[in-house]
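The sequence shown begins at 644 in our numbering and counts up one residue at a time.
Even for Gly, the Cβ is constructed at its ideal location relative to N, Cα and C.
Comments concern the structure below.
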Amino acid sequence: MVGEHPVVDPRWQVRPFVRPGQWMTMSTSPASVANLEWFLRLTGDPSEHREGVHKTIGREVEAHLDGPSEVLFHPFVYGSPHPQPTSGTFLGLRGWHGRGHLLRALMEGVVLNHRWHVDALASKLPISEAPARLTGGAAHSEVWSQMFADALRRPVVVTDVQESAARGAALLAATAVGLLDDVTDPRATAAVLRRHEPDPTRVAVLDEAYGVYLEALEALGPVWGRLDASGTP
644 MVGEHPVVDP RWQVRPFVRP GQWMTMSTSP ASVANLEWFL RLTGDPSEHR EGVHKTIGRE
704 VEAHLDGPSE VLFHPFVYGS PHPQPTSGTF LGLRGWHGRG HLLRALMEGV VLNHRWHVDA
764 LASKLPISEA PARLTGGAAH SEVWSQMFAD ALRRPVVVTD VQESAARGAA LLAATAVGLL
824 DDVTDPRATA AVLRRHEPDP TRVAVLDEAY GVYLEALEAL GPVWGRLDAS GTP
């Protein structure tokens, strides 16, 4: 988010924006698609499949999307936005659960972590009701993109931007050398590839899952603290 004044909170970062007098606020954590890369490294990567990894695992997840979220995942394999020690955690596992259930839980855990970030910002800042824009690894998956729309309870737009940070840096450089008038130049506009509308049924499912996610996050704090080895290999 960009504003005229800095709003400081431990749940996010705030820094000067490229326009003088404006400030950028971002709530971030290393708890997104890297969790999927970790999971596939352990369980098998279907990327050699002709149609690609995201379509392949998308079918696995779609086969287990009916009903409530039976398995919960906190996507903190590589870190979290929370000050207390945390770790990646699956909860609710049963003998009949398979890889598809775990993939669904992992994807839902990532989108629920993003909802936490959005809720944190919305607690003190005027969040726009406009559709959210999704880029990066999760945007390659239609199933995952739809989960974002359902968890955030707003439309999600997927554009043709593969690497948003690199594109932003390139736009700034192009503006600096005069190739663009500014970053709002029409030539800098990203093309929309897909739009995902919230599914009311799935919104209700993920609302319930989010409540459990937050309760478990608080309850597991002492356990994660005891498991923390206070170091990374």
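Taking 8 Å as the cut-off, the beta carbon of P798 is found no closer than this to the beta carbon of H760.
With respect to the 8 Å criterion, H717 and T699 are not classified as neighbours on the basis of their beta carbons.
From the listed residues E772, T802 and P673, the smallest Cα separation to G752 is found for P673. In this structure, DSSP gives G646 an extended state, which the three-state scheme calls strand.
In terms of Cβ geometry, A834 and L823 do not form a close pair [threshold 8 Å]. Boundaries of the beta strand (DSSP E) harbouring W666: W666 to M669, taken from the DSSP string.
Check the Cα spacing between G722 and each of R684, L745, N678 and G735: the tightest is with N678.
Apart from sequence neighbours up to five positions away, the residues of its chain that approach T778 with a beta-carbon distance below 7 Å are T802, V804 and S807, ordered along the chain. Residue pairing from DSSP leaves A763 without any beta-bridge partner. S675 has its alpha-carbon roughly 16 Å from the corresponding atom of W655.
Excluding the 5 residues flanking it on each side, L749 has same chain C-beta neighbours closer than 8 Å at N678, L679, F682, F716 and P718, in chain order. When the beta-carbon positions are compared, L795 and R747 stay at least 8 Å from each other. Counting only residues of its own chain and dropping the five nearest sequence neighbours on each side, E703 has a CB closer than 8 Å to the CB of R742, G743 and L746. Distance from the CA of L768 to the CA of G646, rounded to the nearest whole angstrom, comes to 9 Å. The region 778 to 793 and the region 841 to 848 touch, with no fewer than 3 CB-CB distances between them shorter than 8 Å. A Cβ-Cβ separation of about 6 Å places E705 in contact with V786 under the 8 Å criterion. In the three-state DSSP reduction, P659 falls in the strand class (E or B).
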